[in-house]
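Here numbering that gives the first Met the number 0 is used: the first residue of the sequence shown is 0, the next is one more, and so on.
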Amino acid sequence: MRLALAQADAAAARGDVPVGAVILGSTGDVLSRGGNAREATSDPTAHAELVAIRAAAASLGTWRLTGCTLVVTLEPCTMCAGAVVLARLERVVFGAYDPKAGAAGSIRDVLRDRRLNHHAEVLGGVLEAECSDRLAEWFDVKRRPSVT
0 MRLALAQADA
10 AAARGDVPVG
20 AVILGSTGDV
30 LSRGGNAREA
40 TSDPTAHAEL
50 VAIRAAAASL
60 GTWRLTGCTL
70 VVTLEPCTMC
80 AGAVVLARLE
90 RVVFGAYDPK
100 AGAAGSIRDV
110 LRDRRLNHHA
120 EVLGGVLEAE
130 CSDRLAEWFD
140 VKRRPSVT
């Protein structure tokens with residue numbers, strides 16, 4: 000999770016929401032890293048998870064990320080959870096829960112939905128306070144009225 004937090008910090012430095020992700024191979028090796036890049040790339044799909052999934056698939060030369068683990072600082076949204084299912088990731092470890100858009104148990108549970116063709120193991124709340132604090136601080140600054 001500390002590697003994902005470093006990616007979140009890098010995203011914040013670029014002006015993006017501080018969410019970071021890392022994908023680990025089946026032996027625990029780091030396959031890819033990603034941070035939110037929506038603002039930097041003008042791409043609405045450039046969430047940290049998708050950046051990391053794309054990089055891991057390129058690294059492995061396959062879209063099937065069987066046996067891999069996604070570590071991300073914020074509970075995946077529906078789009079990202081769908082990508083996890085399609086990429087066949089084995090597990091997802093996340094930090095902060097997202098009560099407004101979380102699709103790993105908060106408002107829906109795409110990752111463990113038995114109607115889908117793949118299911119991921121989910122572990123939430125890892126370094127939750129650190130992950131939540133980064134997001135809260137970033138949004139506090141963004142929403143603070145500017146003094147002119």
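Even glycine gets a Cβ: it sits at the ideal position worked out from N, Cα and C.
query	result
Which of helix, strand or coil DSSP assigns to residue 40	helix
DSSP state of residue 21 mapped onto helix, strand, coil	strand
Beta-carbon proximity list for residue 2, same chain, < 6 Å, skipping 5 on both sides	21
Cβ neighbour criterion (16 or more within 10 Å) applied to residue 97	buried
Spatial distance of residue 113 from residue 143 (CA atoms)	43 Å
Inter-residue spacing [alpha-carbon to alpha-carbon] between residue 123 and residue 11	22 Å
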